[in-house]
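Student:
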Amino acid sequence: MVPVERVGLVVHAGKEAALAAAGEVRRWAASHGIPCADIDVWDDSRLNAREEAARAGNPDLIVTVGGDGTFLRGVRVAGPVSALVLGVNVGRVGFLTEVGTEDLRAALDAVHRGEMTVDARMTLTMRSSRPLEIPEGIEAMLRYGRGPMLPPPRVRPGMKSEAGWGVPLDVLALNDIVVEKLARDRQASLAVYVGGKLFASYSADALIVASSTGSTAYSFAAGGPIVSPKLDALVFTPVAPHMVFNRTVVLDSSQQVGILVLEHSGQVAVSVDGQLRGVLDPGDWISVYGAPKRSKLVRLSEPDFLGRVRDRFGLVDSAAALADGHPPAYAPNKPMPPDLAHPGPRDLPPGR
Numbered sequence: 002m003v004p005v006e007r008v009g010l011v012v013h014a015g016k017e018a019a020l021a022a023a024g025e026v027r028r029w030a031a032s033h034g035i036p037c038a039d040i041d042v043w044d045d046s047r048l049n050a051r052e053e054a055a056r057a058g059n060p061d062l063i064v065t066v067g068g069d070g071t072f073l074r075g076v077r078v079a080g081p082v083s084a085l086v087l088g089v090n091v092g093r094v095g096f097l098t099e100v101g102t103e104d105l106r107a108a109l110d111a112v113h114r115g116e117m118t119v120d121a122r123m124t125l126t127m128r129s130s131r132p133l134e135i136p137e138g139i140e141a142m143l144r145y146g147r148g149p150m151l152p153p154p155r156v157r158p159g160m161k162s163e164a165g166w167g168v169p170l171d172v173l174a175l176n177d178i179v180v181e182k183l184a185r186d187r188q189a190s191l192a193v194y195v196g197g198k199l200f201a202s203y204s205a206d207a208l209i210v211a212s213s214t215g216s217t218a219y220s221f222a223a224g225g226p227i228v229s230p231k232l233d234a235l236v237f238t239p240v241a242p243h244m245v246f247n248r249t250v251v252l253d254s255s256q257q258v259g260i261l262v263l264e265h266s267g268q269v270a271v272s273v274d275g276q277l278r279g280v281l282d283p284g285d286w287i288s289v290y291g292a293p294k295r296s297k298l299v300r301l302s303e304p305d306f307l308g309r310v311r312d313r314f315g316l317v318d319s320a321a322a323l324a325d326g327h328p329p330a331y332a333p334n335k336p337m338p339p340d341l342a343h344p345g346p347r348d349l350p351p352g353r
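Our numbering applies: residue 2 is where the sequence shown begins, and numbers increase by one.
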């Protein structure tokens with residue numbers, strides 16, 4: 002592992018604890034003779050990811066200080082330069098961030114020495130029937146909670162539009178790509194194609210195409226399942242559909258989800274990891290699929306995904322399950338009973 006040579010810093014400036022931790026990152030970098038550049042993804046939001054990374058000197062490590070939202074902004078900038086991303090959590094337990102502020106300096110030392118693992122997470126990208134655009138005057142809508150907004154994604158470098166295959170956009174999503182209605186008084190009417198074949202037509206508030214990582218975000222809030230990040234998958238979830246079938250569909254990561262805006266629909270917004278990137282008109286379409294590039298998340302210990310789920314959602318064991326006075330078989334700091342912790346069927350000796 003090559004030692005860290007340049008650090009990019011993404012900070013939630015609205016939190017005092019985040020500002021203090023950011024100062025610690027700068028001091029650590031200075032003590033090691035490593036350039037450290039702030040990446041302002043909040044006020045200077047009109048830049049695209051490649052420009053933001055270039056302005057910061059194309060860092061090989063991006064440190065985010067805040068929550069999962071701040072982490073996603075750091076991942077967006079890291080994508081074009083394949084930088085590592087270390088998330089420092091401030092406040093509530095996050096799914097994506099790795100360490101708390103109390104362990105920050107030790108974490109930076111470990112990364113610099115290469116004493117960590119890279120959690121390579123699947124990302125999403127998309128093509129569209131035309132380059133995405135954001136109409137003038139849409140900023141007023143952002144006051145109602147639809148923002149923040151970024152410039153429309155450009156055509157992916159080195160790629161060309163292909164007849165019947167659309168415009169390849171230079172965009173990566175770690176969590177999800179969402180198509181949602183713009184007007185409060187109109188539903189989004191959308192046809193969904195999987196593998197080039199019509200699956201269903203929806204009238205809904207939104208359609209979410211999430212990665213396994215994003216299954217615990219907007220998709221989960223809309224009733225979708227929790228999917229292990231070790232499983233590469235596309236998780237397609239409708240939001241408030243006007244139809245009996247309102248279930249999530251989990252697809253293989255090699256499949257594509259095409260979304261066509263039907264003629265009687267209103268305009269719809271396209272958001273990538275929670276940030277508005279364009280508006281589609283009736284007749285327009287996007288196709289969402291797994292990207293060849295993966296996000297490189299820093300992990301300092303073996304990930305405990307289900308432990309994070311338990312902590313994040315404050316899971317409490319059922320009172321009925323504990324009615325006999327015995328503790329549950331599973332507890333965060335208690336091993337499973339020996340007869341339950343048997344080897345998996347793949348490890349059974351021959352003849353069993």
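From the three backbone atoms N, C-alpha and C, an ideal C-beta is built for every residue, glycine too.
Given a threshold of 16 other Cβ atoms within 10 Å of its Cβ, counted over all protein chains shown, does P293 qualify as buried or as exposed?
Tutor: The count along the sequence shown starts at 1 and reaches residue 293 at position 292. So P293 ends up on the exposed side.
Student: Rounding to the nearest angstrom, what Cα-Cα distance links L97 and F72 in this structure?
Tutor: Within the sequence shown, residue 97 is the residue found at index 96, counting from 1. Within the sequence shown, residue 72 is the residue found at index 71, counting from 1. Cα to Cα, the separation comes out at about 7 Å.
Student: Label H265 either buried or exposed according to how many other C-beta atoms from any shown protein chain fall within 10 Å of its C-beta, with 16 as the threshold for buried.
Tutor: Here residue 265 refers to the residue found at position 264 when the sequence shown is read from its first residue. H265 comes out exposed.
Student: For F237, count neighbouring Cβ atoms within 10 angstroms of its own Cβ and tell me buried if that reaches 16, exposed if not.
Tutor: Your numbering for residue 237 matches position 236 in the sequence shown. Burial call: buried.
Student: Given L277, which residues of its chain have a CB within under 6 Å of its CB, disregarding the five upstream and five downstream residues?
Tutor: In the sequence shown, the residue the question calls residue 277 occupies position 276. Once the five neighbours on either side are set aside, the close Cβ partners of L277 are M150, A270.
Student: Tell me the rounded alpha-carbon separation between P152 and A324.
Tutor: The residue you call residue 152 lines up with position 151 of the sequence shown. The residue you call residue 324 lines up with position 323 of the sequence shown. Their backbone Cα atoms lie some 56 Å apart in a straight line.
Student: Please determine, among P226, R155, V245, the residue with the shortest C-alpha to C-alpha distance to V172.
Tutor: Counting from 1 along the sequence shown, the entry for residue 172 is found at position 171. The shortest C-alpha separation from V172 is found at R155.
Student: Helix, strand or coil for W286? Go by DSSP, reduced to three states.
Tutor: Working through the sequence shown from its first residue, we reach residue 286 at position 285. Of the three classes helix, strand and coil, the one that applies to W286 here is strand, per DSSP.
Student: With DSSP collapsed to three states, give me the class of V91.
Tutor: Along the sequence shown, read from residue 1 onward, the residue named residue 91 stands at position 90. In the structure shown, V91 sits in coil (DSSP, three-state: anything other than H, G, I, E or B).
Student: By Cβ distance, which residues of its chain are closer than 6 Å to P132, with the 5 residues on each side in sequence left out?
Tutor: The residue labelled residue 132 in the question sits at position 131 within the sequence shown. Excluding residues within five positions, the ones whose Cβ falls inside 6 Å are V168.
Student: The ligand MG and Q257: does any heavy atom of the ligand fall closer than 6 Å to the residue's C-beta?
Tutor: Questions concerning the ligand MG fall outside what the structure shown contains, since it holds no ligand whatsoever.
Student: Could you check whether P226 and S213 sit closer than 7 Å to each other, using their CB atoms as the reference points?
Tutor: As a first step, residue 213 must be located in the sequence shown, where it is residue number 212. As a first step, residue 226 must be located in the sequence shown, where it is residue number 225. Cβ distance not < 7 Å, so S213 and P226 don't count as in contact.
Student: Within the same chain, show all residues whose beta-carbon is closer than 6 Å to that of Y203, passing over the 5 residues directly before and after it, in chain order.
Tutor: By one-based count along the sequence shown, residue 203 stands at place 202. The residues are L191, P239, P242.
Student: Candidates L85, S302, S129, G326: which alpha carbon is nearest D61's?
Tutor: Stepping through the sequence shown from its first residue, residue 61 is reached at position 60. The residue with the shortest Cα to Cα distance from D61 is L85.
Student: Pull the bridge partners of Q188 from the DSSP assignment, please.
Tutor: In the sequence shown, residue 188 corresponds to position 187, counting from 1. DSSP output for Q188 lists no bridge partner at all.
Student: Use the C-beta contact count for L298: other C-beta atoms within 10 angstroms, 16 or more gives buried, fewer gives exposed.
Tutor: Locating residue 298 in the sequence shown gives position 297, counting from the first residue. Buried, because 16 or more other Cβ atoms sit within 10 Å of the Cβ of L298.
Student: Would you kindly work out how many angstroms separate the C-alpha atoms of A207 and H13, rounded to a whole number?
Tutor: As a working note, residue 207 is residue 206 in the sequence shown. As a working note, residue 13 is residue 12 in the sequence shown. Their backbone Cα atoms lie some 28 Å apart in a straight line.
Student: Which residues does DSSP list as the beta-bridge partners of L125?
Tutor: Within the sequence shown, the letter at position 124 stands for residue 125. L125 pairs with A174, G291.
Student: Going by the beta-carbon positions, is the gap between D177 and I139 smaller than 7 Å?
Tutor: Here residue 177 refers to the residue found at position 176 when the sequence shown is read from its first residue. Here residue 139 refers to the residue found at position 138 when the sequence shown is read from its first residue. Going by C-beta atoms, D177 is not nearer than 7 Å to I139.
Student: Could you give the uninterrupted runs of the beta strand (DSSP E) lying entirely in the segment 190-225, keeping only those of 3 residues or more?
Tutor: You should have 198-205, 207-211.
Student: With 16 other CB atoms within 10 Å as the buried threshold, where does D253 fall?
Tutor: Here the question's residue 253 lines up with position 252 in the sequence shown. Classification for D253: exposed.
Student: Helix, strand or coil for T71, going by three-state DSSP, please let me know.
Tutor: As a working note, residue 71 is residue 70 in the sequence shown. The answer is helix: DSSP assigns T71 an H, G or I state.
Student: My output table needs one value for G24: the three-state DSSP class, helix, strand or coil.
Tutor: Taking the sequence shown and counting its residues from 1, the one referred to as residue 24 is at position 23. G24 falls in the helix class under three-state DSSP.
Student: Mind checking whether V100 and V89 have CB atoms under 7 Å apart?
Tutor: The residue you call residue 100 lines up with position 99 of the sequence shown. The residue you call residue 89 lines up with position 88 of the sequence shown. Taking 7 Å as the Cβ cut-off, V100 and V89 qualify as a contacting pair.
Student: According to DSSP, is S229 part of a helix, a strand, or is it coil?
Tutor: Residue 229 sits at position 228 when you count from the first residue of the sequence shown. Coil, per DSSP.
Student: Thinking just about the alpha-carbon of each residue, which of R51, G215, V8 is nearest to the one in G34?
Tutor: Counted from its first residue, the sequence shown places residue 34 at position 33. Selected option, being the one with the closest Cα: V8.
Student: Should V258 and L235 be called a contact, given that it needs their Cβ atoms to be closer than 7 Å?
Tutor: For this step, residue 258 is matched to residue 257 along the sequence shown. For this step, residue 235 is matched to residue 234 along the sequence shown. Yes, the pair counts as a contact, with Cβ atoms nearer than the cut-off.
Student: How should G291 be labelled, buried or exposed, when 16 other C-beta atoms within 10 angstroms of its C-beta is the threshold for buried?
Tutor: Locating residue 291 in the sequence shown gives position 290, where the first residue counts as 1. Under this definition G291 is a buried residue.
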